[in-house]
Amino acid sequence: MSKLAICPGSFDPITNGHIDIVKRSLRIFDEVIVAVAVNLKKKPLFPIEKRVQLIEESLKGLEKVRVEAFNGLLVDYVKKKGGVAIVRGLRAVSDFEYEMQMALMNRRLDSDVETVFMMPSEEYSFLSSTMIKEIASFGGSVKGLVPEPVEKALKEIFNF
Ligand code: ADP
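So the sequence shown is numbered by the numbering used here: it starts at 10 and just counts up by one.
Dropping the structure here:
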């Protein structure tokens, strides 16, 4: 049976670190859905439609990957899609505590859904969407850290 993984996140915006994790997921799973959270605690820089569009443009040519927006409980969404696992990226030890808490809570909510953690390439292990937005807001270069469509979108917002 074909195995589907869900890569959930805010993706505000997608970075090369996220793409690294999606590509690694495809080495293990047959299919991947990049699931973009509609409800964010913080107000996003990019609206949901734009976040989805930027991911689609950035992952163009990658087969077996779909991009979707999702609302509500992640485990319910995973179940509905027929996913076998949630894939999350672990950059540093600092990610661990929050990620473990979430993985165990999701297991409690639905014990059929496994969470799998993957480590990105070291060159992306310091990278976060928050840092990208901060650098771009001050006119710094984000080349090589985000895909081209994202770089372009940030340039339009911050005029650099
Ligand atoms: P969330 O708000 O759910 O943390 P993010 O878009 O920030 O959403 O992250 C989505 C997933 O991608 C998380 O598992 C996060 O750990 C992972 N991630 C984010 N940046 C990187 C990176 N540079 N390298 C590897 N994984 C990353």
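Even glycine gets a Cβ: it sits at the ideal position worked out from N, Cα and C.
Proximity to residue 130 [Cα-Cα], best of 143, 31, 145: 31
Identity of the residues DSSP links to residue 98 by a beta bridge: 127
Option in 99, 150, 57 with minimal Cα separation from residue 26: 99
Element boundaries [beta strand (DSSP E), containing residue 84]: No beta strand (DSSP E) holds residue 84; the alpha helix (DSSP H) holding it covers 83 to 90.
Residue 142 in three-state terms, based on DSSP: helix
Per-residue DSSP class, three states only, for residue 18: strand
Simplified DSSP assignment, three categories, for residue 13: strand
Segment contact flag, the region 90 to 99 with the region 56 to 72, C-beta cutoff 8 Å, min 3 pairs: no
Boundaries of the alpha helix (DSSP H) in which residue 167 is found, first to last residue: 157 to 167
Residue 86 Cβ short of 7 Å to the ligand ADP heavy atom set: no
Nonlocal neighbours in the same chain, by C-beta distance under 7 Å from residue 12, ignoring five residues either side: 38, 39, 93
Contact between the region 100 to 110 and the region 134 to 143 (3+ Cβ pairs under 8 Å): yes
Stretch pair the region 105 to 119 + the region 39 to 53: three plus CB contacts closer than 8 Å: no
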